[in-house]
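Engineer: Take a look at the following structure, please.
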Amino acid sequence: MIKKSKLHNGIFFSSCLCNMLLVGCYNCFQAFTTDATFITCISAWPDMRDRSTLAGATRVLVYFLWLLHVVRNMGVFLIFHTVLLLLTQQYRNLQGYFENLNKVFDERQLSQEEMEEKFELRFKKGIEQHALTLWCVEESQRVFLITFSSHVLLWCGLLISILPEVLNNDTHDLTMLVSNAPRVAAALVGLGYFMWPAGDITVEASNLPHAMYGSGWQNCHKRSPRIRKLAVLAMMQAQRP
Numbered sequence: 061m062i063k064k065s066k067l068h069n070g071i072f073f074s075s076c077l078c079n080m081l082l083v084g085c086y087n088c089f090q091a092f093t094t095d096a097t098f099i100t101c102i103s104a105w106p107d108m109r110d111r112s113t114l115a116g117a118t119r120v121l122v123y124f125l126w127l128l129h130v131v132r133n134m135g136v137f138l139i140f141h142t143v144l145l146l147l148t149q150q151y152r153n154l155q156g157y158f159e160n161l162n163k164v165f166d167e168r169q170l171s172q173e174e175m176e177e178k179f180e181l182r183f184k185k186g187i188e189q190h191a192l193t194l195w196c197v198e199e200s201q202r203v204f205l206i207t208f209s210s211h212v213l214l215w216c217g218l219l220i221s222i223l224p225e226v227l228n229n230d231t232h233d234l235t236m237l238v239s240n241a242p243r244v245a246a247a248l249v250g251l252g253y254f255m256w257p258a259g260d261i262t263v264e265a266s267n268l269p270h271a272m273y274g275s276g277w278q279n280c281h282k283r284s285p286r287i288r289k290l291a292v293l294a295m296m297q298a299q300r301p
């Protein structure tokens, strides 16, 4: 999980940072070769045609402030993405925990009553961990609701803004498609970066009731009624959306 988190976050952060640096390098190259003004982010002042030293220094300062702002926002996105990966891994850990409860009945040195007692204690511990995971999910939804919603709306808005340009073009030539391909790809990748781990949480959470059902509760004889009720209640809780 740690390797996966480092890989995903590293690719996302490096791609965003490289994009910002390339924008600055391109505008710097244009300023030195074509005598254009260094403009990376349009501000109220200085004017785009102002070529004074103070205006140039201000544009450079605005660029670095813009860079710091983007890096800070990317840090928030990385924290959010890491939380999604952790919740996904927690559901996988719970699945493995309940599936391994079958091994309790392989301990032949214990009596049937001792195995059932051990199974019940471990099953209750798994339910407690599941309840704690549900609390973490609810808190994550509460904390990141605005961030996640605004991010999804941002990328969906970018995709929608490209549609009029494509639909109003009567030629639909290769040049038009190639010019819009980077923006479409960036919007899809940015949207998928958060939607994929959120979907993984849903998939792993839906598999948890199956793991509970296969935990080995059927091997309990003397405590069968109580264990059955406990397993049913746990699976009902796990199946809630």
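Here our numbering runs 60 ahead of the position in the sequence shown, where the first position is 1.
From the three backbone atoms N, C-alpha and C, an ideal C-beta is built for every residue, glycine too.
Take H270 as the anchor and find which of C85, M80, Y157 and G252 has the nearest alpha-carbon.
Structural biologist: Y157
Engineer: So F179 and C78 are in contact, right, with Cβ under 8 angstroms, and what is the actual spacing, rounded?
Structural biologist: About 53 angstroms separates the two Cβ atoms, so there is no contact after all.
Engineer: State yes or no: is the C-beta of G116 within less than 8 angstroms of the C-beta of L154?
Structural biologist: no
Engineer: With 16 as the cutoff for other CB atoms within 10 Å, does L147 come out buried or exposed?
Structural biologist: Label assigned to L147: buried.
Engineer: Helix or strand or just coil, what does DSSP make of I139?
Structural biologist: helix
Engineer: Taking the alpha helix (DSSP H) that G274 belongs to, which residues open and close that run?
Structural biologist: It is not in any alpha helix (DSSP H) - G274 carries neither H nor E in the DSSP assignment.
Engineer: Please state the DSSP three-state secondary structure of F98.
Structural biologist: coil
Engineer: Considering V164, what are the terminal residues of the alpha helix (DSSP H) in which it resides?
Structural biologist: From DSSP, V164 is part of no alpha helix (DSSP H); its letter is neither H nor E.
Engineer: Can you tell me which of L214, C216, N240 and V212 puts its alpha carbon nearest to the alpha carbon of E225?
Structural biologist: Ranking the options by Cα distance to E225, first place goes to N240.
Engineer: Is it buried or exposed for R168, if we count other Cβ within 10 angstroms and need 16 for buried?
Structural biologist: exposed
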